[in-house]
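Numbering (the numbering used here), first residue to last: 1160 to 1436.
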């Protein structure tokens, strides 16, 4: 409700109300808006400068021919057995990487929770989280393949590495959101820091921990289907091999199997998260 003085100023026309803004002034706000619009326009023009209508038309025709060559999918028993083998390897990679990544993430997440960790430990673990989140999994997979060779071990290393950054950050934020009243009550009864963590912190974050673990496993299944492109194991390796040999009907079979596995993982993840949250 405006005061009588404010209402008089508004009715008298001596002052005009403006919606509060994060910018210091209207001039700065419109300058930022104009600069952003110009940057977006410049980006679109520079990136699409070599794109012509004929090029787009040829691309659409080639895409149609590629999809047409995938139908019907290859369903011979030999090739289906190969798909089953690599799918099992893909799901196994996701399980192992999730378990390893979550196991390594828990102490980092606890150290990165500002409300229960000393400042130096908090800053150290926040730095670890930032570093692990700054490099994409495909780059880590390429490095791992160069270091230890082609195979699922390289994929497990890459996915575990990415799991640390994702899981630690979200779990640390969940720990920071706990009710500190329970922690203070247990500490007042003479409990040690470890006992306080076990009986006050863990019960509050356990459902969220399970939900995050299953959610990350769902993400890791999708990731494990991709990193095989660079030789890090999984169904992606078989997919790249089929494309390099122009076996597009077999590639269609592989793509359908990937869709089925990802959808099954998504449904299972959604079911578990609904049950525990």
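Even for Gly, the Cβ is constructed at its ideal location relative to N, Cα and C. Nothing here was measured: the structure is a model prediction, and the numbers come from that model.
So, for residue i: in the same chain, excluding its five sequence neighbours on each side, which residues have a beta-carbon less than 6 Å away from its beta-carbon?
i            : result
residue 1396 : 1387
residue 1363 : 1337
residue 1342 : 1355, 1359
Taking the beta carbon of residue i as the centre, do at least 16 other beta carbons fall within 10 Å, making it buried, or is it exposed?
i            : result
residue 1284 : buried
residue 1218 : exposed
residue 1376 : buried
residue 1367 : buried
residue 1321 : buried
residue 1314 : buried
residue 1340 : exposed
residue 1227 : exposed
residue 1296 : buried
residue 1379 : buried
residue 1398 : buried
residue 1288 : buried
residue 1165 : Its pLDDT being 47, under 50, residue 1165 is placed unreliably in this model, and the value from its coordinates should be taken loosely. Exposed, since its Cβ has fewer than 16 Cβ neighbours within 10 Å.
residue 1428 : buried
residue 1423 : exposed
residue 1190 : exposed
residue 1370 : buried
Helix, strand or coil: how does DSSP classify residue i here?
i            : result
residue 1200 : helix
residue 1206 : helix
residue 1396 : helix
residue 1232 : coil
residue 1334 : helix
residue 1295 : coil
residue 1275 : coil
residue 1184 : coil
residue 1404 : coil
residue 1348 : coil
residue 1247 : helix
residue 1309 : coil
Quick one: what's got a C-beta closer than 7 Å to residue i's C-beta in the same chain, skipping five residues either side?
i            : result
residue 1167 : Summary for residue 1167: the model assigns pLDDT 46, below 50, so the residue's position carries little reliability; its value from the coordinates is reported in the next sentence. Nothing listed; no residue qualifies.
residue 1163 : Per-residue confidence for residue 1163 stands at a pLDDT of 47, beneath the threshold of 50, marking its modelled position as unreliable; the derived number appears in the next sentence. Closer than 7 Å at the Cβ level, and outside the excluded window around residue 1163, lies no residue.
residue 1317 : 1296, 1299, 1300, 1303, 1386, 1391
residue 1271 : 1281, 1284, 1285, 1288, 1327, 1331
Enumerate in chain order the residues of its own chain whose CB-to-CB distance from residue i is below 8 Å, with the five nearest sequence positions on each side excluded.
i            : result
residue 1248 : 1311, 1392, 1393, 1394
residue 1438 : This structure does not reach residue 1438, given that the chain is present from 1160 up to 1436, and the question cannot be answered.
Could you confirm whether any beta carbon from chain D is found closer than 9 Å to the beta carbon of residue i?
i            : result
residue 1272 : The structure shown contains no chain D; it is built from a single protein chain.
Exercise. For the 8 Å Cβ check, are there 3 or more pairs between the region 1227 to 1235 and the region 1353 to 1368?
Worked result: In this structure the region 1227 to 1235 does not touch the region 1353 to 1368; the number of beta carbon pairs closer than 8 Å is below three.
Problem set entry | the region 1346 to 1355 touching the region 1315 to 1329, judged by at least three CB pairs closer than 8 Å | Cβ pair count under 8 Å is below three, so no.
Exercise. Can you find at least 3 beta carbon pairs, one from the region 1298 to 1310 and one from the region 1239 to 1246, that sit closer than 8 Å?
Worked result: As far as the Cβ criterion goes, the region 1298 to 1310 does not touch the region 1239 to 1246, which means the pair count is below three.
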